[in-house]
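Trainee: I'd like to ask some things about the structure below.
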Amino acid sequence: MQKRIAILISGRGSNMEAIAKNVQSGILKDCCEIALVFSNNPDAQGLEIAKKMGIKTEHIESKGKKRIDFDTLLLNLLEPYKVDYIILAGFMRILSPLFIERYRNRIINIHPADTNQYKGIHGYEWAFSSGLNKTQITVHLVEEQVDCGKIIAQRDVDLTGLKSIENVIQIGLCIEHQFYSEVLKQIFTNQIIM
Ligand code: GRF
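Start counting at 1 in the sequence shown, then tack on 69, and there's your number in the working numbering.
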């Protein structure tokens, strides 16, 4: 059975776009449908991209709201969509325990580093400035502690010879776009059980 997903974004939305393309005509075609793309930022570039692709979008401005108030609004907004999974793709908010409990083991995130080594934002900048030869993109479950949830899959990004952070980000994102959909396909087709 096809899984229904909501993709949560805050900005550029390039991972959302890659997933959406794969749902429309790629490796996710027969295993999931996007019920909604949601943003906490009304100006997120990704919202426009999703609209142009014919995907339903919604937003709630998070600025100025208490975490629990925002999450309650978001939970209420999501309820009628009856989604099986919440897919975070550059969603720059920490989710409250209330939210996580509602979708326990069904909230997935992509992080541009090995979460055992580096948590939080600017993962590519960390890898580049640390002079690493490689970094590891991580797809993981979202649990109460930030970037501490169970690791589902990881993929190497070879950094050797890359001279600028722009280059690292460009190559890293390119791998993310393919990797995230591959992992999601495995989850939605029960090849990975969480
Ligand atoms: C990606 O690097 C992702 O790993 C991280 O946030 C970034 C989002 O980029 N969680 P985009 O909005 O998908 O382009």
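Yeah, the Cβ is synthetic: ideal placement off N, Cα and C, and Gly gets one too.
None of the values given here were measured: they were computed from a predicted structure.
#1: Let me know if E86 comes out buried or exposed under the rule of 16 or more other beta-carbons within 10 Å of its beta-carbon.
#2: Grab me the residues of P111's own chain with a C-beta within less than 8 Å of its C-beta, minus the 5 sequence neighbours each way, in chain order.
#3: Less than 8 Å separating the beta-carbons of K125 and L144?
#4: Give the list of continuous beta strand (DSSP E) stretches no shorter than 3 residues that lie fully inside the region 159 to 234.
#5: Alpha carbon to alpha carbon, what distance is there between L231 and L77?
#6: Could you tell me if the beta carbon of N84 falls within a distance shorter than 7 Å of some heavy atom in the ligand GRF?
#7: Taking A182 as the reference, give the member of G80, E117, D225 and I240 with the closest Cα.
#8: In chain order, what residues of the same chain have a beta carbon less than 6 Å from the beta carbon of P166, not counting five sequence neighbours either side?
#9: Given a threshold of 16 other Cβ atoms within 10 Å of its Cβ, counted over all protein chains shown, does I169 qualify as buried or as exposed?
#10: Going along the chain, which residues of its own chain have a beta-carbon closer than 8 Å to the beta-carbon of C217, five neighbours each way excluded?
#11: Alpha carbon to alpha carbon, how far is L210 from N178? Give it in angstroms, no decimals.
#12: In angstroms with no decimal places, state the Cα-to-Cα distance between L201 and L228.
#13: Buried or exposed, going by whether 16 or more other CB atoms sit within 10 Å of the CB of N91?
#14: Measuring alpha carbon to alpha carbon, tell me which of S94, I176 and E245 ends up nearest S83.
#15: Could you give the distance in angstroms between the alpha-carbon of G192 and the alpha-carbon of M70?
#16: Taking the alpha-carbon of I206 as reference, which of F248, S198 and K121 has the nearest alpha-carbon?
#17: From the DSSP output, in three-state form, read off I124 for me.
Mentor: In this structure, then:
#1: Reading the sequence shown from its first residue, position 17 is the one you call residue 86. So E86 counts as buried.
#2: As a position in the sequence shown, residue 111 is number 42, starting the count at 1. Cβ neighbours of P111 within its own chain (closer than 8 Å, five residues either side excluded): H128 and E130.
#3: If you number the sequence shown from 1, residue 125 lands on position 56. If you number the sequence shown from 1, residue 144 lands on position 75. Contact check for K125 against L144 fails: the beta carbons are separated by 8 Å or more.
#4: Scanning the region 159 to 234 for uninterrupted beta strand (DSSP E) segments of 3 residues or longer gives 176 to 180, 203 to 210 and 220 to 227, listed from N- to C-terminal end.
#5: Walking along the sequence shown from the start, residue 77 turns up at place 8. Walking along the sequence shown from the start, residue 231 turns up at place 162. Looking at the two C-alpha atoms, the distance is approximately 30 Å.
#6: As a working note, residue 84 is residue 15 in the sequence shown. Result yes, Cβ under 7 Å from the ligand GRF.
#7: As a working note, residue 182 is residue 113 in the sequence shown. Closest option to A182, Cα to Cα, is D225.
#8: Working through the sequence shown from its first residue, we reach residue 166 at position 97. Contacts found: E213.
#9: Taking the sequence shown and counting its residues from 1, one reaches residue 169 at position 100. Buried, by the Cβ-count rule.
#10: For the purposes of this step, residue 217 is taken as the residue at position 148 of the sequence shown. Counting only Cβ-Cβ distances below 8 Å, and skipping sequence neighbours, we find T184 and K188.
#11: Translated into positions along the sequence shown, residue 178 becomes position 109. Translated into positions along the sequence shown, residue 210 becomes position 141. The alpha-carbon atoms of N178 and L210 are separated by roughly 6 Å.
#12: The sequence position of residue 201 within the sequence shown is 132, counting from 1. The sequence position of residue 228 within the sequence shown is 159, counting from 1. Rounded to the nearest angstrom, the two C-alpha atoms are 7 Å apart.
#13: As a first step, residue 91 must be located in the sequence shown, where it is residue number 22. Buried, by the Cβ-count rule.
#14: For the purposes of this step, residue 83 is taken as the residue at position 14 of the sequence shown. When each option's Cα is compared against that of S83, the closest is E245.
#15: Here residue 192 is taken as the residue at index 123 of the sequence shown, counted from 1. Here residue 70 is taken as the residue at index 1 of the sequence shown, counted from 1. Rounded to whole angstroms, G192 and M70 show a C-alpha spacing of 35 Å.
#16: Sequence index remark: in the sequence shown, residue 206 carries index 137 (1-based). The option with the nearest alpha carbon to I206 is F248.
#17: Taking the sequence shown and counting its residues from 1, the one referred to as residue 124 is at position 55. The three-state secondary structure of I124, taken from DSSP, is coil.
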